[in-house]
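Take the sequence shown: its letter number 58 is residue 53 in my numbering, and every next letter is one higher.
Beta carbons are placed, not taken as given, at the ideal position from N, Cα and C, and that holds for glycine.
Predicted, not measured: the structure shown is a model, and the values here were computed from it.
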Amino acid sequence: MSRVKVRAALESAVNAFATANSLQVLWENRGAIPTVSYLRTQLFPGATQDPSIGAKHKRYVGILRMTLAIKDLDNGPLKVEQLSGLLCDAFPRGKVFTKDDITVSIDSTPNESSINIDSTFVCISVDAIYRCDVLTN
-4 MSRVKVRAAL ESAVNAFATA NSLQVLWENR GAIPTVSYLR TQLFPGATQD
46 PSIGAKHKRY VGILRMTLAI KDLDNGPLKV EQLSGLLCDA FPRGKVFTKD
96 DITVSIDSTP NESSINIDST FVCISVDAIY RCDVLTN
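Shown next, in the form of structure tokens:
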């Protein structure tokens, strides 16, 4: 159940960024064929950890990959690199996102990929490593 809450907390922050930057969001397993600049998300959960012996403590870890795809082909890297910098700034190391009774933390500075071309889009992926500690009764 906590993976669902982790996703909800992170996707809420992604949605806020996309809205502020006039980007369509392509969520996982929701059909859409983009015609305008967009932000695609993917959650890559890692193995659930049990960091405390004798306690009911679970740690959910993983990577949130956010791919920017900008309709700006043949105009150089500036626009997509500026936007990926803003996306990194929205998910800085130490930032926390809360949803219901959980808190998701960003553990390290996000990583940016090289620029890729996909049809008529210029793309950069930004990976944010997350962690969520949950104590249960």
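Assuming residue i is part of the alpha helix (DSSP H), what are its boundary residues?
{"i": "residue 80", "result": "73 to 85"}
{"i": "residue -3", "result": "-3 to 15"}
Any idea which residues DSSP pairs residue i with across the strands?
{"i": "residue 62", "result": "35 and 120"}
{"i": "residue 53", "result": "129"}
{"i": "residue 40", "result": "57"}
{"i": "residue 70", "result": "The partner list for residue 70 (beta bridge, DSSP) is empty, contrary to what the question assumes."}
{"i": "residue 106", "result": "122"}
Taking C-alpha atoms, which residue in the options lies nearest to residue i?
{"i": "residue 104", "options": "90, 41 and 114", "result": "90"}
{"i": "residue 108", "options": "79, 86 and 41", "result": "79"}
{"i": "residue 77", "options": "3, 43, 118 and 46", "result": "118"}
{"i": "residue 23", "options": "71, 53 and 62", "result": "62"}
{"i": "residue 5", "options": "75, 85 and 70", "result": "85"}
{"i": "residue 17", "options": "94, 53 and 64", "result": "64"}
{"i": "residue 126", "options": "27, 41, 34 and 7", "result": "41"}
{"i": "residue 71", "options": "3, 92 and 112", "result": "112"}
Ordered along the chain, which non-local residues of its own chain (more than five positions away) have a Cβ less than 6 Å from that of residue i?
{"i": "residue 124", "result": "58, 102 and 103"}
{"i": "residue 130", "result": "52"}
{"i": "residue 32", "result": "18, 65 and 66"}
{"i": "residue 27", "result": "21"}
{"i": "residue 106", "result": "122"}
Taking Cβ to Cβ, would you say residue i is nearer than 7 Å to residue j?
{"i": "residue -1", "j": "residue 36", "result": "no"}
{"i": "residue 20", "j": "residue 55", "result": "no"}
{"i": "residue 68", "j": "residue 115", "result": "yes"}
If I follow the unbroken beta strand (DSSP E) through residue i, where does it start and stop?
{"i": "residue 21", "result": "19 to 21"}
{"i": "residue 94", "result": "91 to 94"}
{"i": "residue 98", "result": "97 to 101"}
{"i": "residue 113", "result": "111 to 113"}
Note down, in chain order, each residue of its chain lying with its Cβ closer than 7 Å to the Cβ of residue i, except the 5 sequence neighbours on either side.
{"i": "residue 39", "result": "57, 58 and 60"}
{"i": "residue 82", "result": "12, 61, 63 and 121"}
Any C-beta of chain C sitting closer than 7 Å to the C-beta of residue i?
{"i": "residue 28", "result": "Annotation note: the requested chain C is absent from the structure, which comprises a single protein chain."}
Please go through the same chain and pick out, in chain order, the residues whose beta-carbon is closer than 8 Å to the beta-carbon of residue i, but skip the five residues on each side of it.
{"i": "residue 75", "result": "63, 65, 67, 110, 117, 118 and 119"}
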